[in-house]
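Student: Here the sequence shown stands for residues 3 to 150, where the numbers follow the numbering used here.
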Amino acid sequence: MITAARQTSLVTCLGISIITGSATACEIVLTEPVLQLAYPAAKSAAFYLQIDNPCPGEERLIAIDSTLAMMSELHETRENDQGVVSMIPIKSGLEIPPESTMRLEPGGRHGMLMGLNLPAGTDTIDIELTFETSGPMTLNAPIRFLRK
Ligand SMILES: [Cu+2]
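1. Taking 7 Å as the cut-off, decide whether the C-beta atoms of Ile145 and Gly113 are in contact.
2. Is Met89 near ligand 1, in the sense that its beta carbon is under 6 Å from a heavy atom of that ligand?
3. By DSSP, does Gly85 sit in helix, in strand, or in coil?
4. Considering only residues of the same chain and omitting the five flanking positions on each side of Leu115, which have a CB-CB separation below 6 Å?
5. Using the Cα positions of Ser102 and Thr126, report the straight-line distance between them to the nearest angstrom.
6. With H, G and I counted as helix, E and B as strand and the rest as coil, what does DSSP make of Ala71?
Here it is in structure tokens:
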């Protein structure tokens with residue numbers, strides 16, 4: 003009797019681990035990336051994109067990087083009582099709750115590339131995003147200028 007029960011629970015455990023295995027393969031989806039510069043020779047730029055987390059677990063964006071920038075940070079935009087807008091580095095990373103969508107967008111959270119050195123005529127840039135669970139992911143983002 004005891005042996006049979008153990009076998010049953012072993013089978014159940016295997017069943018669960020198979021389900022967990024497919025859940026681990028669940029992937030976050032990155033769309034609409036864009037690097038925005040005020041003008042072509044600007045030395046800093048804001049990075050926007052949409053992050054979908056369809057997975058049952060929380061994900062966290064912990065770093066942004068580019069080989070064409072001296073320094074890259076995640077920023078949050080804040081406005082004080084006097085209407086002064088400032089950008090504050092997000093040191094703890096950006097949480098993306100399970101089954102949710104997060105947008106990095108103008109006036110909100112964004113990536114910031116500083117000390118940019120774009121070769122002339124460059125119209126796209128490779129950006130590396132590092133996630134706590136999914137690890138590093140590189141994507142190619144179009145470059146947009148507010149003024150020519
Ligand atoms: Cu910023």
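Heads up, the beta-carbon is just placed ideally off N, CA and C, and yes, glycines get one too. The structure presented is a predicted model; accordingly, all values stated were derived computationally and were not measured.
Tutor: With the given structure in hand:
1. Against a cut-off of 7 Å, the Cβ pair of Gly113 and Ile145 comes out as no contact.
2. The closest heavy atom of ligand 1 lies less than 6 Å from the beta carbon of Met89.
3. Coil, per DSSP.
4. Ala47, Ser68, Ala71 and Ser74, listed in sequence order.
5. In this model, Ser102 and Thr126 are separated by some 28 Å (Cα to Cα).
6. Strand at Ala71.
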